[in-house]
Amino acid sequence: MKGVSRTRGIIAVVLVVALTGAIAATYRLGSIQVQTSADDELYLQSSKSLKRFSLGFSGLLADIYWTRAVQYFGAKRIAHSMHYESLYPLLDIATDLDPNLLVAYQDGAIFLSAAPPGGAGEPDRAVDLLEKGVRENPDYWRFYFTLGFVHYMDRKDFAAAHNAFVRGSEVPGALPWMRTMAATMAERAGERTTAAAIWSRLFESTQDPDIRETASQHLTALRVDAEVEALEDRVRLFREKAGQLPGTWVDLVRFGFLRGIPLDPTGKPYRLQTDGGVQVEDPQRFPFITHGSSSSSK
Amino acid sequence: MIARIGSIGFNTFREAVRDRVLYNLIVFVLLLVASAPLFGQISIGLEKLILINVGLSAISLFGVIIAILIGIGLVYKEIEKKTLYTILSRPVRRWEFIVGKYLGLVLTLVVNGILMSAGFFLALAVFGHGLGRADAALLIAIYFILLQFLIVTAITLLFSSFSTPIFSAVFAFAFFVIGTMTDDLRSFAAAAKGITKWLLTAAAYLVPNLSSLNVISRVAHERPVGGSVVLYNTMYALLYSVAAVAAATFIFERRDLK
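Each protein sequence line maps, in turn, to chains A and B.
Residue numbering for the first sequence follows our numbering, beginning at 744 and increasing consecutively.
Residue numbering for the second sequence follows our numbering, beginning at 2 and increasing consecutively.
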């Protein structure tokens, strides 16, 4: 009996030691193994072949491909990559396997259209993907919003954006703001308020945290751009009235041009430059600003 | 002790090679390898690539099927035929029986793997217009496939030590499938939060990491496999197999065979 217990004890120790060793080895493997070629190579590019191999489980395979696309995009984005070669093929295969996989068109198009390193910088392919989504799901009006978004933000094709919003507003069930958006596009394309309205709608309509964060950053950047422009206008007015540039914000407050020290969205005071320009304290906090940083145009 | 384990292992090997299923599967693999050039003709410039991919994948997959099909009956058959009682009535310990069975099946699979690989290299020499120095890298892929067999056999034995053959086959195959996706499992774990993250991480490290043993695509593209990868994969496969066989032994030691 004692011998049996001893044997069991030894087996238990062997089990624990071997399992711990195996876990340590696999952990080490994960860190030393170079990224395999599978990341940027798709061995099966034909969705027709994949559909046949899936033995009827094409929906499941589409989910796997969509997941792969998201992981591929996430990994590339974290690495600040400028190349996303496999993103479109992955999205194309996922949507071929399941043409009703709405999220793959919707979020995939945003991933594709944004400029690198935040996205693939392929707005034309984003349009192709969305037009495919529209063909397969003609009743889903939100694709037209994303289509208009891509045309407006990344392709700067305001006429195409207007057309997309008009088409979307005609789909039964489309929310009334699509019509408003179409009208705004016709009247005030290129204006900051229009861009803000589009980013707000995107922020409200997406569930993807990355896209929400990007939309939020763009909205903040638009606010900073507007504030910097307004502050620079006041500095100009001060100069016209006082005959010299203000030394600090206090000068503008004293002359009644400002009520207090102006603060950026993070709560830090804007920096008044000696040449009258206005900058944010930490430009890295506002990746999309076009005004208010040393690298941006004034 | 070594003589007893060796004797059980050799008998397991002899029994396994008599199994008709084994030969059917080997013939099927060789036919598949021989037909690979037909797939290659459909595309341009991919003849050798497809031959390597189909050949090595077939060796791997059918080796795993053989491991599972034979492994599930290793313990169960002995109990059903009551031959186990005869063996255990002799001075053979239970753990020696399990280790012997495991080594016997591993020997069977290694011999089969070598046979199938010989057929694969023959097909490569004939249809791939000869063998070059770069083809030596294929041996690493085959070595990893053999390591994969060690793990799958150990897992099958673990399940067969307490379950029926059908359930053992289902569990072992499920582990094999999940094991081929450990990279994805780890990615999911990294993206998850809270308890899901912990559960997924635990699962990712407890299921066999078979994805790092699959370098077929890599060698097919003549890309190198690092020495450290070979070392750690070898360590991993041996340690994981020892752990699974120890678990099987632990369960079998406590099992009531009356």
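Ideal Cβ placement from N, Cα and C applies to all residues, glycine included.
Under 8 Å by beta carbon: chain A residues contacting residue i
| i | result |
| --- | --- |
| B/Ala248 | Leu758 |
| B/Tyr206 | Ile766, Thr769 and Tyr770 |
| B/Ser213 | Thr769, Leu772, Gly773 and Gln776 |
Residue i: contacting residues in chain B (beta-carbon distance under 8 Å)
| i | result |
| --- | --- |
| A/Ile754 | Trp96, Ala247, Thr250, Phe251 and Glu254 |
| A/Tyr751 | One point to set straight first is that residue 751 of chain A is Arg, not Tyr, in the sequence displayed. Within 8 Å Cβ-Cβ: Phe251, Glu254 and Arg255. |
Residue i versus residue j - alpha carbon distance
| i | j | result |
| --- | --- | --- |
| B/Leu139 | A/Gly1035 | 58 Å |
| A/Ile754 | A/Asp841 | 50 Å |
| B/Ile9 | B/Arg255 | 20 Å |
| B/Arg110 | B/Thr235 | It is Leu, not Arg, that sits at residue 110 of chain B in the sequence shown. In a straight line, the C-alpha of B/Leu110 is about 17 Å away from that of B/Thr235. |
| B/Leu89 | B/Ile99 | 11 Å |
| A/Ser959 | A/Ala852 | 18 Å |
| B/Gly195 | A/Ala837 | 29 Å |
| B/Ile71 | B/Val231 | 28 Å |
| B/Gly180 | A/Leu1015 | 60 Å |
| A/Ile941 | A/Asn880 | 22 Å |
| B/Ala126 | B/Ile66 | 27 Å |
| A/Trp955 | B/Ala203 | The residue you asked about is not Trp; residue 955 of chain A is Arg in the sequence shown. Rounded to the nearest angstrom, the two C-alpha atoms are 31 Å apart. |
| B/Val28 | B/Phe128 | 18 Å |
| A/Ser792 | A/Met825 | 30 Å |
| A/Ser943 | B/Ser164 | 58 Å |
| A/Val1021 | A/Asp994 | 15 Å |
| B/Tyr237 | B/Tyr86 | 34 Å |
| A/Lys984 | A/Thr1033 | 28 Å |
| B/Arg224 | A/Ile807 | 26 Å |
| B/Trp199 | B/Ile146 | 30 Å |
| B/His222 | A/Asp1025 | 47 Å |
| A/Gly986 | A/Phe998 | 13 Å |
| B/Ala137 | B/Leu239 | 23 Å |
| B/Val107 | B/Arg134 | 29 Å |
| A/Glu972 | A/Gln1027 | 19 Å |
| A/Lys819 | A/Tyr827 | 7 Å |
| B/Leu116 | A/Thr889 | 57 Å |
| A/Arg1002 | A/Val996 | 6 Å |
| B/Glu16 | B/Ile60 | 21 Å |
| B/Leu186 | B/Ala193 | 10 Å |
9 Å Cβ cut-off: residues of chain A touching residue i
| i | result |
| --- | --- |
| B/Arg187 | Gly773 |
| B/Val210 | Residue 210 of chain B is actually Asn in this sequence, not Val. Those within 9 Å of B/Asn210 in chain A are Ala765, Ala768, Thr769, Leu772 and Gly773. |
Contacts that residue i makes with chain B (C-beta to C-beta distance below 7 Å)
| i | result |
| --- | --- |
| A/Ala768 | Tyr233, Met236, Tyr237 and Leu240 |
| A/Gln814 | Ser188 |
Proximal residues of chain A, C-beta to C-beta of residue i below 7 Å
| i | result |
| --- | --- |
| B/Ala244 | Leu758, Ala761, Leu762 and Ala765 |
| B/Ser90 | Simply none; closest approach about 16 Å. |
Beta-carbon spacing of residue i, residue j below 8 Å
| i | j | result |
| --- | --- | --- |
| A/Leu758 | B/Ala244 | yes |
| B/Glu79 | B/Ile6 | no |
| A/Arg898 | A/Ser948 | no |
| A/Val978 | A/Val1023 | no |
| B/Gly105 | B/Thr13 | yes |
| B/Ile252 | B/Ser58 | no |
| B/Ala173 | B/Ile156 | yes |
| A/Asp850 | A/Ser790 | no |
| B/Val208 | B/Phe168 | no |
| B/Val76 | B/Gly56 | no |
| A/Thr927 | A/Thr937 | yes |
| A/Phe1029 | A/Ala964 | yes |
| B/Ala249 | B/Leu158 | yes |
| A/Glu1042 | A/Tyr815 | This structure gives no information on residue 1042 of chain A, because the portion of chain A shown stretches from 744 to 1041. |
| B/Tyr206 | A/Thr1009 | no |
| A/Val909 | A/Asp882 | no |
| B/Gly120 | B/Leu52 | no |
| A/Pro860 | A/His823 | yes |
| A/Leu844 | A/Trp809 | yes |
Supposed contact pair residue j and residue i - C-beta distance, whole angstroms, cut 8 Å
| i | j | result |
| --- | --- | --- |
| B/Gly74 | B/Pro166 | 6 Å |
| B/Ile143 | B/Ser118 | 5 Å |
| A/Leu873 | A/Tyr848 | 6 Å |
| A/Ala767 | B/Tyr241 | Not confirmed; about 11 Å, so no contact. |
| A/Pro1005 | A/Leu974 | 6 Å |
| B/Phe160 | B/Ala68 | B/Phe160 to B/Ala68, Cβ: 12 Å. No contact. |
Any non-hydrogen atom of the ligand HEM within 7 Å of residue i CB
| i | result |
| --- | --- |
| A/Gln987 | The model depicted lacks the ligand HEM and carries no ligand whatsoever. |
is_contact[residue i, chain D] using C-beta, thresh 8 Å
| i | result |
| --- | --- |
| A/Gly1035 | Protein chains in the displayed structure are A and B, and chain D is not among them. |
Along the chain, which unbroken stretches of the alpha helix (DSSP H) at least 4 residues long are found entirely within the stretch 125–191 of chain B? Fully enclosed alpha helix (DSSP H) runs of 4 or longer: 138–161 and 166–180.
Unbroken alpha helix (DSSP H) runs of length 4 or more, entirely within the stretch 901–985 of chain A: which are they? Runs of the alpha helix (DSSP H) spanning 4 or more residues and lying entirely within the stretch 901–985 of chain A occur at 901–912, 920–931, 935–948 and 952–985, in chain order.
Please go through the stretch 836–889 of chain A and give each complete alpha helix (DSSP H) segment of 4 or more residues, from N-terminal end onward. Scanning the stretch 836–889 of chain A for uninterrupted alpha helix (DSSP H) segments of 4 residues or longer gives 845–856 and 866–879, listed from N- to C-terminal end.
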